[in-house]
Amino acid sequence: MGLSIAVTRERHEGETRCAVTPDTVKKFVALGATVLVEAGTGAGSSIPDAEYVAAGAVVKPDTRAVLDGADLVLKVRGPTQQEITALKPGAVVIALLDAYREKDTVAALAGAGATAFAMEFVPRITRAQVMDALSSQANLAGYRAVIEAANAYGRGFPMMMTAAGTVAAAKVFVMGVGVAGLQAIATARRLGAVVTATDVRPATKEQVESLGAKFLAVEDEEFKNAQTAGGYAKAMSEEYKAKQAALTGEHIKKQDIVITTALIPGRAAPVLVTADHVASMKPGSVIVDLAIENGGNVQGGKLGEVVTTPNGVSIVGLANLPGRIASDASSLYAKNLVAFAGLLIKEGGLTVDLEDEILKAAVVTHGGAVVHEGVRG
């Protein structure tokens with residue numbers, strides 16, 4: 239029997255994405271694999287079971303029937319305990335495991351003898367760009383953050399001149415200029431907002447300005463040298479941090495919308511917007527916290543909620559923004575998985591070569607143990 243690939247329904251609360259699409263099923267079938275999909279897997283992404291069947295998958299009605307004997311299991315989120323108990327020893331699992339926080343899932347995968355890869359650990363190197371699920375999903379999250387901000391904001395984004403008077407353009411401030419931040423800037427600009435952005439890395443200034451936004455930072459000598467040769471931010475002095483905080487605080491007061499995007503792998507998200515900042519904003523202003531699932535960048539935000547403060551500021555703390563555009567998010571993530579799985583699928587079977595730098599960086603459990611140093615520690 240050839241390679242068996244299993245895809246089960248996502249059971250994480252609110253998860254609408256799926257790990258394969260009909261297009262990627264065709265690619266796996268072309269490699270000689272049998273693809274088993276649990277009924278209803280694509281429902282949240284508007285993919286009927288019949289489309290999977292037409293692409294060459296076998297759709298089965300329950301989880302155990304799908305997982306029985308599977309060599310490779312593809313997921314968006316980590317598998318449930320019930321799914322893990324159904325795995326055969328040595329099965330390979332690929333998912334966005336959230337491995338730093340979901341320690342019970344990681345331990346169970348190790349105990350079951352599974353080799354588990356976390357897509358969030360794929361290194362950001364040229365060869366792995368097509369597998370970079372964090373970037374593909376962050377891009378959509380940055381777009382959706384602006385849409386959610388526009389929805390919560392009781393006014394228009396672009397300047398509009400009418401016979402009855404002029405509507406001023408919304409002022410949008412993006413904090414953190416990674417993949418999500420850049421897409422948020424681009425989307426807000428497309429909607430006609432006046433956009434500013436800030437980041438601790440000097441190299442991002444040019445990217446911000448190339449999108450038609452203004453860069454905000456205390457641009458002294460320390461700032462100009464605030465980046466390592468590898469492109470990472472250096473720790474800043476307390477004096478610089480105080481100057482930057484004062485500048486940011488004054489700027490936030492004048493903004494209609496603030497979007498925060500700062501995340502630190504393996505640690506709680508840093509607080510960028512304090513309660514005092516929120517209290518200084520105008521009634522009707524909106525803050526969208528893209529880091530809410532990791533503790534949040536905004537004091538007073540709540541996971542899964544839109545909080546309205548006493549001074550009339552809305553703090554949007556919605557989880558899983560890519561899942562709000564599930565069809566596109568699933569399409570991109572499924573392509574990331576095809577590329578990653580391609581490192582393992584050799585001559586109709588699976589070969590786990592942990593000397594490969596991408597696989598070595600992403601593996602979390604193998605041979606009955608947790609092998610990723612950051613997660614194990």
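The sequence shown begins at 239 in our numbering and counts up one residue at a time.
Beta carbons are placed, not taken as given, at the ideal position from N, Cα and C, and that holds for glycine.
Everything numeric in this text was worked out from a predicted model, so none of it was measured.
Taking residue 250 as the centre and dropping the five residues before and after it, the same chain places the C-beta of 315 closer than 6 Å to its C-beta, in chain order. Restricting attention to 583, 440, 520, 305, the CA atom closest to the CA of residue 320 is found in 305. A direct Cα-to-Cα measurement between residue 325 and residue 530 gives close to 32 Å. Secondary structure of residue 250 (DSSP, three-state): coil. Between residue 264 and residue 294, the alpha-carbon positions lie close to 6 Å from each other. Residue pairing for residue 276: DSSP places it in a beta bridge opposite 298. Taking 8 Å as the cut-off, the beta carbon of residue 284 is found no closer than this to the beta carbon of residue 255. Residue 280 holds the alpha-carbon nearest to the alpha-carbon of residue 565 among 276, 241, 280. Of 516, 591, 581, the smallest CA-CA separation from residue 492 is found for 516. Here residue 527 is buried, its C-beta having at least 16 other C-beta atoms within 10 Å. Rounded to whole angstroms, the gap between the alpha carbons of residue 485 and residue 357 is 37 Å. When the beta-carbon positions are compared, residue 497 and residue 422 come within less than 8 Å of each other.
As summarised for the stretch 419–455, the continuous alpha helix (DSSP H) elements at least 4 residues long and confined to that stretch are 442–448, given in chain order. Under DSSP, residue 242 takes part in a beta bridge, and its partners are 272. Beta-bridge analysis with DSSP links residue 527 to 498. Remark: C-beta atoms of residue 351 and residue 317 do not approach each other more closely than 8 Å. Three or more beta-carbon pairs separated by less than 8 Å are not found between the stretch 572–583 and the stretch 544–558, which leaves the two stretches without contact.
Taking 8 Å as the cut-off, the Cβ atoms of residue 539 and residue 507 do not count as close. A Cβ-Cβ contact shorter than 8 Å links residue 582 with residue 588.
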